[in-house]
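Numbering (the working numbering), first residue to last: 13 to 460. Here the structure comes first, spelled out in C-alpha cells, and everything after it is commentary.
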C-alpha cells in the first residue's frame, strides 16, 4: 500500500485542476524569462543544457500543442494536471551563528553549529575513527573533519583530496574509500594525516551529467557498489540505458550494469538494516504546477522500472507525456508494468541524502530513515527546506513520516537560512545536517 507523507495529504485536493491552452503558453514559454528576471538561471524546460533560443522554445512546445489537437487525448491525459507552473525562489539569508537557535528540532534535542565556512558541502561519510569526509561539489574537493577534543564542534578541516571536479558521492568498504565525479568512480585509502592516498580511477564509464550530474554511492549487502545516476533531461526519455537509473559494479570497477530504471534523480538511497532492501528517494519532473509529480520513496528492486518520465507515484501517467514507450500500446498499459512508489512527499521538495539510523544513543529511532529535503525553486508556497523522519515497522515497512528539523525557511516563505543537503550519523547517535548554500554543518543531538 502506498502512503502519503503527512505534508502531502493536504495537496491532493488540487489534483483536479487542468492546464489550459493559455496556461501552457504563459506558463511554459515564459519560464526562462521569469527565472532570468529573478536573477537565477533555470534548468532547461526539456533537456537543453545550454540557453534556449526562441526557436528552441517553440520546438520544445510542439508535443504539447499536438495534444490540444485531440479532444480525447486532452481528456485522458490532462485529467490530473495542476495549474500552470509557478515560481517562488526564496532568497538566501547570509549565515550567522544565531541560525542554530532558529532551527526547530523535536523536544529533547539541541541544534548546534558543528562547523561553518565550507564551500558547497554535499555528501558526508562517517569513518570508524570519528572522521567525517565531506564532498565539496563546487571546488572539487573532499574534506576530512573530526571533533578530536570532544567539544561538540569539528576541528580545522583537512583537504583530503583536491582537483576532482564534480566530486559528490562517497562510500566506504573496509579501509577503502570510494568517491564519484560525474563520469568516474575512484578509490583511495585514508592516510594517517587524514589525506587520501593511493588514489586511482576504477571506471570512467558513467554517462555524462546533463541536468543531473551529481552521482551518489552506497555499498550493498551483496558487496557491490551501487551508483545513483540522474537523468540528463527534465522529462525526455533516456537516450541510453545508463540514464535515469541505479547502477552497480564490483568493488574493483568491473561488471558495471544497470540495476533498475525509470529513476529521474535518486540521490538519496540506502539499504535497510532489517532485510537489506534498497530504499531511495526520487525527484519528480519540473514544470507541472505546484503539486505533481510528488517526490517518491521507492523500494528499488533489480530489473524493475519506476516510471520516469512517463509515470509517477502510484502508477499515474505524467499529464504532459504524450509519447508511448516501445513495446506498449498506451501509457496506461506501460504504467501498469511499473513499480509503484511506497510513499509520496510534496512536489519539488528535492530529497538529497538519507540514512538509516543505527539506534545508537537513541534506540527508538533504530532503522528509521532521516532524509534531507533541499527545497523547491518552482513552487508557491515553497516546499522542502527541512529534514524528515520516516518511521519503519519491525518488518521493514514504512509506516509514516514526520518533520524532524525545520526552520530553514522563514515564516513568510520568501527567504531561507539554509538548504539541507548531506546527512550523517555520529557514533553517539547525533545527526549531522549539511547546508550546501551557507556552508554550515549542524549537529542535532538528544539532550537526555
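Ideal Cβ placement from N, Cα and C applies to all residues, glycine included.
Three-way DSSP call (helix, strand, coil) for residue i in this model
i	result
residue 347	helix
residue 212	strand
residue 377	helix
residue 396	coil
residue 340	coil
residue 103	strand
residue 420	coil
residue 251	coil
residue 113	helix
residue 245	coil
residue 390	strand
residue 270	strand
residue 134	strand
residue 194	coil
residue 360	coil
residue 154	strand
residue 291	strand
residue 415	strand
residue 179	coil
residue 432	strand
residue 324	strand
residue 437	strand
Nearest-angstrom Cα separation, counted from residue j out to residue i
i	j	result
residue 425	residue 264	47 Å
residue 289	residue 310	10 Å
residue 298	residue 268	30 Å
residue 201	residue 458	33 Å
residue 440	residue 209	28 Å
residue 450	residue 294	24 Å
residue 174	residue 130	14 Å
residue 222	residue 163	42 Å
residue 343	residue 455	46 Å
residue 134	residue 422	22 Å
residue 161	residue 255	45 Å
residue 281	residue 194	18 Å
residue 389	residue 204	42 Å
residue 460	residue 304	40 Å
residue 364	residue 120	26 Å
residue 313	residue 272	7 Å
residue 100	residue 382	26 Å
residue 139	residue 443	14 Å
residue 109	residue 445	15 Å
residue 370	residue 187	21 Å
residue 168	residue 199	24 Å
residue 17	residue 355	6 Å
Presumed contact (8 Å Cβ cut-off) between residue i and residue j, rounded CB distance
i	j	result
residue 379	residue 286	6 Å
residue 433	residue 391	In fact, because the Cβ distance is near 18 Å, the residues do not count as touching under 8 Å.
residue 147	residue 107	Incorrect: roughly 20 Å between the Cβ atoms, too far for contact.
residue 145	residue 182	6 Å
residue 227	residue 240	6 Å
Close Cβ partners of residue i (< 8 Å) along its chain, the five nearest in sequence each way excluded
i	result
residue 58	Residue placement at residue 58 is poorly supported in this model, since its pLDDT is 26, which falls under 50; the coordinates are not used for a value here.
residue 403	380, 410, 411, 412, 413 and 414
residue 237	183, 185, 190, 197, 229, 230, 231, 260, 261, 262 and 263
residue 420	115, 387, 397, 398, 428, 429, 430, 431, 432 and 447
residue 118	416
residue 346	322, 323, 336, 337 and 340
residue 257	241, 250, 270, 271, 272, 273, 274 and 275
residue 408	284, 286, 287, 289 and 379
Close Cβ partners of residue i (< 7 Å) along its chain, the five nearest in sequence each way excluded
i	result
residue 350	274, 317, 318, 319, 323 and 327
residue 353	14, 308, 309, 310, 325 and 326
residue 49	For residue 49, the pLDDT reaches just 36, beneath the cut-off of 50, and the residue's location in the model is therefore unreliable, although a value from the coordinates is still provided. Closer than 7 Å at Cβ, skipping near neighbours: no residue.
residue 206	143, 156, 170 and 172
residue 180	134, 135, 147, 149, 192, 226, 227 and 228
6 Å CB neighbourhood of residue i in its chain, flanking five on each side removed
i	result
residue 242	224 and 277
residue 373	440 and 441
residue 405	411
residue 111	429
residue 418	116 and 398
Nearest neighbour of residue i, chosen from the options [CA to CA]
i	options	result
residue 170	154, 161, 178 and 163	154
residue 104	291, 386 and 159	386
residue 113	344, 125 and 212	125
residue 452	394, 165, 219 and 138	165
residue 152	177, 347 and 141	177
residue 368	333, 356, 394 and 436	436
residue 331	220, 357 and 306	306
residue 376	132, 401, 167 and 102	401
residue 234	408, 371, 283 and 258	283
residue 484	315, 123, 395 and 159	Residue 484 falls outside the range modelled here, since the chain spans only 13 to 460, and no answer is possible.
residue 296	266, 362 and 407	362
residue 348	213, 355 and 329	329
residue 266	438, 366 and 214	214
Cutoff 8 Å: residue i Cβ touching any chain C Cβ
i	result
residue 104	Annotation note: the requested chain C is absent from the structure, which comprises a single protein chain.
Contact test: residue i Cβ vs the ligand ATP heavy atom, cutoff 7 Å
i	result
residue 340	This structure lacks the ligand ATP, and indeed carries no ligand of any kind.
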